[in-house]
Structures are given as structure tokens and as C-alpha cells.
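Keeping their order, the protein sequence lines are chains X and W.
First residue of the first sequence: 1, per the numbering used here; consecutive thereafter.
First residue of the second sequence: 1001, per the numbering used here; consecutive thereafter.
Positions of the beta carbon are idealized from the N, C-alpha and C atoms, including for glycine.
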Amino acid sequence: MMQRIAVRYYRPLILLSLLVLFLLVVLHVAAGSVVISPFDVIAALFNRPVAPYERIIVWDLRLPRALIALVAGAMFGLAGAILQSIMRNPLAEPEMTGATSGAVLFAVLWLSEAGRQLDQPGLLLPFVALPGGLAGGCLVYLLGGAGKSATSRLVLTGVLISAVLRSATSIILLLRQEALGAVLLWLIGSLNGRVWPHWDVLWPWAIVALPSGLACAGLANVLQLGDASATGLGLRVGWTRLSLFFIATLLTAGAVAVVGGITFLGLIAPHIARRVVGADARRLFPFSMLMGAGILLAADTITQTIAQPVTIPVGAALVLLGAPYFLFLIWRRST
Amino acid sequence: MKAPPVSAWRGRRAPILLLIAGCGVLLAGIALLSLLCGTPQLSPPDLWRIINGGGSALARVVVLQLRLPRLALAMLAGAMLSLSGTMLQDALRNALAGPELLGVSAGATVVVAAITILHLAVIFSAIPWLALAGALTGGSIVLLAARRTQDAARLVLTGAALSALLNASVIVFMSLGSQNDISVLFLFLVGSLANRTWQHVYLVLPWAAIGIPLALLCARPLNVLSLGDDVARGLGLPVTSARLLILVLGAALVAAVVAVCGPISFIALLAPHLARRISKTTDARAILPCAALIGAILLSGADLFARMAFAPQELPVGVWTTLVGGPFLLLLLRRRLGARRGEP
Chain X
1 MMQRIAVRYY RPLILLSLLV LFLLVVLHVA AGSVVISPFD VIAALFNRPV APYERIIVWD
61 LRLPRALIAL VAGAMFGLAG AILQSIMRNP LAEPEMTGAT SGAVLFAVLW LSEAGRQLDQ
121 PGLLLPFVAL PGGLAGGCLV YLLGGAGKSA TSRLVLTGVL ISAVLRSATS IILLLRQEAL
181 GAVLLWLIGS LNGRVWPHWD VLWPWAIVAL PSGLACAGLA NVLQLGDASA TGLGLRVGWT
241 RLSLFFIATL LTAGAVAVVG GITFLGLIAP HIARRVVGAD ARRLFPFSML MGAGILLAAD
301 TITQTIAQPV TIPVGAALVL LGAPYFLFLI WRRST
Chain W
1001 MKAPPVSAWR GRRAPILLLI AGCGVLLAGI ALLSLLCGTP QLSPPDLWRI INGGGSALAR
1061 VVVLQLRLPR LALAMLAGAM LSLSGTMLQD ALRNALAGPE LLGVSAGATV VVAAITILHL
1121 AVIFSAIPWL ALAGALTGGS IVLLAARRTQ DAARLVLTGA ALSALLNASV IVFMSLGSQN
1181 DISVLFLFLV GSLANRTWQH VYLVLPWAAI GIPLALLCAR PLNVLSLGDD VARGLGLPVT
1241 SARLLILVLG AALVAAVVAV CGPISFIALL APHLARRISK TTDARAILPC AALIGAILLS
1301 GADLFARMAF APQELPVGVW TTLVGGPFLL LLLRRRLGAR RGEP
């Protein structure tokens, strides 16, 4: 019932979600150790006269963080939707491609070798993390035999390879224990201290990867029919799956490079989106993207405010919410 | 995984005994090496003198108070982990059912981590019991959620989700706690044998003394269970309760190890597979002792490596077992995973 309405009024639904996202951004900017009224936030965003300190807080401190949450969330949401459709397994998530753990491994390697602190913007970091993510993705793809068939073997390979990459990360961290505290929060994903330079790193990846992911929705629809039908319809299944996998890895690696190893967002967002708009990838992909952005923004707003002076890393909060949801999903699927 | 008929077992008894003897010799060699290596480096005559009550005071302390308990713990833990892995794999008829992938280790770890980080006042000898409660909770969450226990992918996914949940809750603890605890806890979370003394061995010993013989007694029901539920029921085995008992015993073995050493991954997964490969049988009566020996060899060998590889510095053994064990397991299971295509 709900799904039919959502499909019928799809365009208004998207417009409504965009409006909600805008409100979430305003709320995210308004919340924090200094609470600014949402009207002042909107006034500052549209260059109306407000108190100078509010202007500085809004523009220089909180807006980049909100934008990064918005875009990174969208990237995770889209990556998850793509992976779930190409693996034809609704339980797949970006971490299973090895992209997350590969990017984390390279980033940690870089940080320990170059002796840098994460508190610095680390402009080069994403350029280091990205090849790591791609390498992790390729490793899982090749060992998992995804070219031939996309099934449980890919999932198992992904989980095992991720475990191995994580333990390699642990070795580096343990060899250089002085950097441990700073990196640990990054391992699970956090938005603390993200400023404009981080945004400058994120948006080029987003501009390339998000539209190309959305453009592949039609192909993903054909893939979902199964390998035999897709081949019958004239699709080169192996190539299509490889390119979609590559786009998903690109999205994951780019986002991980800036916000750290956030997991389960790429699993929850497509799931909720599928319940609302159905399995058609042309509707699912954009909506899952918006969903991811909304969830990350909301989660970050909550984690920032809930336990004031301390801020819980948003990645930890997402896992605490996401893992039980995942267990519930798997339990319900097997009934 | 089919148990061969009894006659086949009779015929293969000699090679299996030979295999067990070979493993024993290998284990003795590793034990000797890990008593000798390190700082100070000892020679076999030195060791002989120490055993007979002589030798320098320093060497005596190092061997008797540091290396020997650590070695004993490594052997016990390795044997217990791999027995538990064998039991879980056979009872669930799933090649990837190891305690680390079933949430059993994760459940035990979160309890021990909470005790460590929140500085809860708990009697030392009560920790394994609490860990057992955690292990059983974790294991039953995963088994209840996955239900179809023979589907490897589903089980692994569920276990991975539970482990992620554990890590996240520990990190939440840590971001609320002080920075000093972080490195200690991180060392504990990957599983290590460093700085373990006789006290730790005594903590594990009763669990091992009761658990290991009980596990070896489980061979017959395991063989029957691996024929499939219907056949097992036809042969007169109360399937559900037998499986439940075996799982609880497996969880107990793991819980005792986790309480002392932390979650050491992939020993429990690898040792049974290696045992099956080498002995070329799936008969639990042969596999259980072989797997226990191989587990002891793997863990004490890995610990020797962890101690010596970056000599003055030492990396926890759990990191190495994952780093080497993961790819090795993939390699071992390549054919089996390939055969599972077509499942959701």
C-alpha cells in the first residue's frame, strides 16, 4: 500500500526528501556546544545579517561538517544499493567489498610512515586511501570469483579478506602505538574536526562517482533478472558487474578516505529505501542515496548532542543501530 | 562430511597413530625451541641443568616463571580452541562454523572487555564463568538469527555483524573512558599470550582438565550427527539435545581461553580442516585428537613467531593467526566455496 503510493507520487516524494534533508542540515548546523537558533542558521546561510560569531561558527566550523555528512552518507547509501543489486543479495554491504578495510589499511600505513597526525587536514590522505580501497576491492573481486557468479563465495571472501586487512592494520598500529588513540576513532568512522579542506577532497569523487552510479540503474535492473536472462537480453554480464563493482568501490573508498570506516550505513539505507520505493533500481538508487545522507546527518546530530562534552564517534552509533537491525533482517529472512 | 564405516577406521588406525606420533614430535620440538629462544638465549645443556635444579638464577626465573607457563598456556589454548572448532563444525555440519565466526568468541570478549575497562570488582576465578555466559549469549544470538546453520554465507554474515556490534560497543566504552585504557584493551581485543603466568594457567587448567576429555568423548555422537538429522534420529540419537550439549561444551572451551588470552582467531577454524586434510578421514574419533595436537602446534608455533619476529618488540599472537590463517583458510576452502554457488 505504502509502496504503491510512493511509486505513484515518486517525484513529490523525492522533493519532500530533499526538503527534509535541508531541514536536517539546518538542525545539524544549529546543534552543538553552542546552540544557535535554526532561524539564525538559515539567515546566516543566506547571507542575511546575524551576529558575527554565529556567522563564523556556521560557515567555518559546522557547515563543512554537515556537507561532508550529507555527501558521504549519500555515497555510502548508493554504494550499498549498487552492491546489493549486483550480488543479488540484500545483505551485502560496502565493507564486504574489502574497500573499507583496504582504504583504512593504506591510510594507517601512510599516517604511520609519514608521521602525520590525523588532526591535520591531511589533504593527501584520500589519495592514499583510495588506491587502498580499490586494491582491497580488486582482491575480493578476483578471489571471490565475482566475474563468474555473484553469490555466497564473494560474501565469504569479503568477510575473510576484511578480517585479514584489519589485522594487518592492527600490526601497524601496534608497532607505532603513539598514534593509536588518534587513529582508533578514525577506524570506526567519525566526523569530528572535519573542515573545508576535507570537503575539497570529498566533492570531486562525489561528482564523478554519484552520477555514474545513478546512470547505471538501468543496467542494474537487468542484472537483477539473473545471469541467464541478462545474457539473453544482450548484456555483457561480466563487464557490467565489474564496472558496477568498480563504481561502488570508488564511492566507498572516497567516502571512507574522508570520514573513516563507517559500516552498516550502506546496508540500512538501501533496505529502508527498498521498503519505501520497491526494488526498481531507477527509483531505488536515488532514494537510497538520499536515505544514506539523511541517516548519517541525523546520527551525527544525535551523537554530537546526546552525551555533551564527550562526542561518541558517529560510526560507533551507526553500528550499534545497524547491527541489531541486520540481525533482525537475517532472522526474518530465514523464517 | 560422511563418517566412514567402522572397518575403514580399523584399517586406517596405524597411519592415524603414526600421524599423532608425528604431531607429538613436532610439538615437542616447538616446545623445546620456545623454551630456549629469547633473551637470554639458552643452550640445551643449560635447559637440562635448569630442569635438574641448577643453572643461573636469572635463567631459572625466565624459564620456569615466564616461558614455561606461556608455553603451557599456548598448548592448552590451542588444543581447546581446535577441539571446540571441530565440535562446532561437525555438529552444525558447516565447514565455516568456528567460534570466531559464530559470535561465541565475540560474546566472551565483550564481557571480559567490560570487566577490564569499567574496572568491575570481579573475583579472578569467576571471569571464565562470566565469559561463558557471554559466549553462550553471543553464540545463541547468531544461531537463532541464522537458523539455517548449514548455509555458510548466512552464518558468517551473522557472525560478522555480531562482531562488529562488539567492536562498536567497546569503542563507545573507550571514547567515554580514559585514553590510558585504549592500548591495553586493543592488545586484549586481538588476543595475546604475552605476560601470562602460572596464575593464568591455573585458571584455565580445570576447564581444560574437564573439557578436553569430555570433548574427546563426543566423537561418537559427532559421527552420527554428521550423517544428517534424519539418519541420526533413526539411529536413536536425541539429535536436538545432543547438538545443544556439544555446542555448550564447545562454548565453554572457548570461553575459558578467551577469559585468559583474548579472542585468538582462526586456530579453531583451521586446525580441524588441516587435521581432515592430513589424515584423509572425517571420522571424529581420529579428527578430534589430531585437531587438538595440530591446534597446540599452531598456537605455540605462532606464539614463538610472535615473540621472535620483531625481536625486542612483540606483536600479539592473535594478529598473526588472523593474518596467516585467513588466506590459508580461503585457500583450503576454495573448492568447497565454489561448490556452494547458486545459494542466496
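#1: With a threshold of 7 Å between beta carbons, is Val1317(W) in contact with chain X?
#2: Going by Cα to Cα distance, which pick from Ser101(X), Ala92(X), Ile247(X) is closest to Pro211(X)?
#3: Grouping DSSP H, G and I as helix and E and B as strand, with all else coil, what is Phe328(X)?
#4: Buried or exposed: Ala1119(W), going by 16 or more other Cβ atoms within 10 Å of its Cβ?
#5: How big is the Cα-Cα spacing for Pro121(X) and Val201(X)?
#6: For Met1308(W), count neighbouring Cβ atoms within 10 angstroms of its own Cβ and tell me buried if that reaches 16, exposed if not.
#7: For Ser37(X), count neighbouring Cβ atoms within 10 angstroms of its own Cβ and tell me buried if that reaches 16, exposed if not.
#8: When you compare only the Cα positions, how much space is there between Leu250(X) and Arg65(X)?
#9: Give a yes or no on whether 7 Å exceeds the smallest Cβ distance from Pro121(X) to chain W.
#10: What residue range is occupied by the uninterrupted alpha helix (DSSP H) comprising Pro1327(W)?
#11: Could you tell me the boundaries of the alpha helix (DSSP H) in which Ser190(X) lies?
#12: Using CA coordinates, which residue listed in Ile1210(W), Val1239(W), Val1112(W) is at the minimum distance from Arg1220(W)?
#13: According to DSSP, is Asn221(X) part of a helix, a strand, or is it coil?
#14: What distance in whole Å lies between the Cβ atoms of Gly136(X) and Gly189(X), which are believed to be in contact at a cut-off of 8 Å?
#15: Under a Cβ-count criterion, where at least 16 other Cβ atoms within 10 Å of its own Cβ denotes burial, should Trp239(X) be classed as buried or exposed?
#16: Distance check for Asn192(X) and Leu1102(W), CA to CA, integer angstroms please.
#17: Could you name the residues of the same chain whose beta carbon sits closer than 8 Å to that of Thr301(X), not counting the 5 residues immediately before and after it, in chain order?
#18: Against chain W, which members of the segment 89–113 of chain X pass a CB distance test of less than 7 Å?
#19: Can a CB atom of chain W be found closer than 7 Å to the CB of Val155(X)?
#20: Have a look at Ala269(X), Gly133(X), Ala209(X) and flag the residue whose alpha-carbon is nearest the alpha-carbon of Ala103(X).
#21: Report yes if the C-beta distance between Val1025(W) and Ala1131(W) is below 7 Å; otherwise report no.
#22: In the DSSP assignment, find the alpha helix (DSSP H) that holds Thr305(X) and state where it starts and stops.
#23: Is Gln1313(W) helix, strand or coil by DSSP?
#24: Counting pairs of beta carbons, one from the segment 70–80 of chain X and one from the segment 262–273 of chain X, are three or more of them closer than 8 Å?
#25: For the alpha helix (DSSP H) containing Met1087(W), name the first residue and the last one.
#26: Tell me, please, whether the CB atom of Thr1322(W) is closer than 7 Å to any CB atom in chain X?
#27: Check whether the Cβ of Leu1330(W) lies closer than 7 Å to any Cβ atom in chain X.
#28: Which term fits Gln3(X), buried or exposed, when burial requires 16 or more other beta carbons within 10 angstroms of its beta carbon?
#29: Grab the span of the alpha helix (DSSP H) containing Ile82(X) for me, first residue to last.
#30: Chain W beta carbons: is any one of them nearer than 7 Å to that of Leu219(X)?
#31: Quick one: list the residues of chain W neighbouring Val164(X), beta-carbon separation under 8 Å, in chain order.
#32: What distance in whole Å lies between the Cβ atoms of Ala1251(W) and Gly1078(W), which are believed to be in contact at a cut-off of 8 Å?
#33: Please report how far the alpha carbon of Gly1029(W) lies from the alpha carbon of Met1075(W), in whole angstroms.
#34: State buried or exposed for Ile330(X), treating a residue as buried only when at least 16 other CB atoms are found within 10 Å of its CB.
#35: Find out if the Cβ-Cβ distance for the pair Leu1269(W), Leu1329(W) is shorter than 7 Å.
#36: Keeping to the same chain, check which residues put their C-beta closer than 6 Å to that of Ala1302(W); ignore five residues upstream and five downstream.
Considering the structure as presented:
#1: no
#2: Ile247(X)
#3: helix
#4: The residue you asked about is not Ala; residue 1119(W) is His in the sequence shown. With fewer than 16 Cβ atoms within 10 Å of its Cβ, His1119(W) is classed as exposed.
#5: At Pro121(X) the pLDDT is 45, less than 50, meaning the model places this residue with poor confidence; the figure from the coordinates comes in the next sentence. Cα to Cα, Pro121(X) sits roughly 10 Å from Val201(X).
#6: exposed
#7: exposed
#8: 21 Å
#9: Any reading at Pro121(X) needs caution, since the residue's pLDDT is 45, under 50, leaving its predicted position unreliable; the model's value is listed next. With 7 Å as the cut-off, Pro121(X) does not count as an interface residue toward chain W.
#10: 1317–1332
#11: Element bounds for Ser190(X): n/a, residue is neither H nor E.
#12: Val1239(W)
#13: helix
#14: Actually they do not touch by this definition, with Cβ atoms about 16 Å apart.
#15: exposed
#16: 33 Å
#17: Leu24, Leu27, His28, Ala31
#18: Asn89, Leu91
#19: yes
#20: Gly133(X)
#21: no
#22: 281–306
#23: coil
#24: yes
#25: 1068–1092
#26: yes
#27: yes
#28: exposed
#29: 63–86
#30: no
#31: Thr1322, Leu1323, Gly1326, Pro1327
#32: With a Cβ gap of about 17 Å, Gly1078(W) and Ala1251(W) do not count as contacting.
#33: 13 Å
#34: buried
#35: yes
#36: Val1317, Trp1320, Thr1321
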